[in-house]
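Engineer:
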Amino acid sequence: MNTSGNGDCHIILRGGKAPNYSAQHVAEVKEGLTKAGLTPQVMIDFSHANSCKQFQKQMEVCADVCQQIAGGEKAIIGVMVESHLVEGNQSLESGQPLTYGKALLTPVLAGKIPMRCFVSCRQR
1 MNTSGNGDCH IILRGGKAPN YSAQHVAEVK EGLTKAGLTP QVMIDFSHAN SCKQFQKQME
61 VCADVCQQIA GGEKAIIGVM VESHLVEGNQ SLESGQPLTY GKALLTPVLA GKIPMRCFVS
121 CRQR
């Protein structure tokens, strides 16, 4: 069985043992995709290991990625940001009320904070 493939495929850089969102990492992924005959398309996760699992550092990742885009990087086709209405997270405990708009699992940024970075990126 063969298929024509998915021309819209992309790699998501979310870090591993260390962050992997830098221009060097993007260049390495582009090279690998091109060698494989695929379109070099990269999505960058601002959270997880790229922020060293410290949700506030997502803004540092955002600033770096925006600089890459402003510098002409065309392979970055999207980003992933963890945000909700209320910053941080909460535990799901029996009998305890939940705060509306606050994440349950992973600590996240408050909703308008990532928007500031995107606006700044667009203005570059």
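Everything in the sequence shown is counted per UniProt numbering, starting at 1 for the first residue and increasing by one.
Ideal Cβ placement from N, Cα and C applies to all residues, glycine included.
This one's a predicted model, so the numbers in the text were calculated from it and none came from an experiment.
Using 8 Å as the threshold, is the region 30–43 in touch with the region 52–66, meaning 3 or more CB pairs across them?
Structural biologist: Contact fails: fewer than three Cβ-Cβ distances are below 8 Å.
Engineer: For ILE76, I'd like the list of residues in its chain whose CB is within less than 7 Å of its CB, leaving aside the five on either flank, ordered along the chain.
Structural biologist: Same-chain partners within the cutoff: VAL26, VAL42, ILE44, VAL65, GLN68, ILE69.
Engineer: Please list the segments of the alpha helix (DSSP H) lying wholly inside the region 12–37, counting only runs of 4 or more residues, in order along the chain.
Structural biologist: Counting only runs of 4 or more, we get 23–35.
Engineer: DSSP beta-bridge partners for VAL84?
Structural biologist: Going by the sequence as given, residue 84 is His instead of Val. Looking at the DSSP assignment, HIS84 forms a beta bridge with ALA110.
Engineer: Quick one: what's VAL42 bridged to in DSSP?
Structural biologist: Per DSSP, ILE11, ILE76.
Engineer: Going by CA-CA distance only, name the one from CYS52, SER47, ASP8 that's closest to PRO40.
Structural biologist: Cα-wise, what sits closest to PRO40 is ASP8.
Engineer: How long is the line joining the alpha carbons of GLY95 and LEU104, rounded to whole angstroms?
Structural biologist: Going by the C-alpha atoms only, they are around 15 Å apart.
Engineer: Using a 10 Å radius around the Cβ and a threshold of 16 neighbouring Cβ atoms, would you call VAL81 buried or exposed?
Structural biologist: Counting Cβ neighbours within 10 Å, VAL81 comes out buried, since at least 16 surround it.
Engineer: Between ASN20 and the rest of its own chain, which residues show a CB-CB distance below 6 Å, the 5 nearest in sequence each way excluded?
Structural biologist: Contacts found: LEU13.
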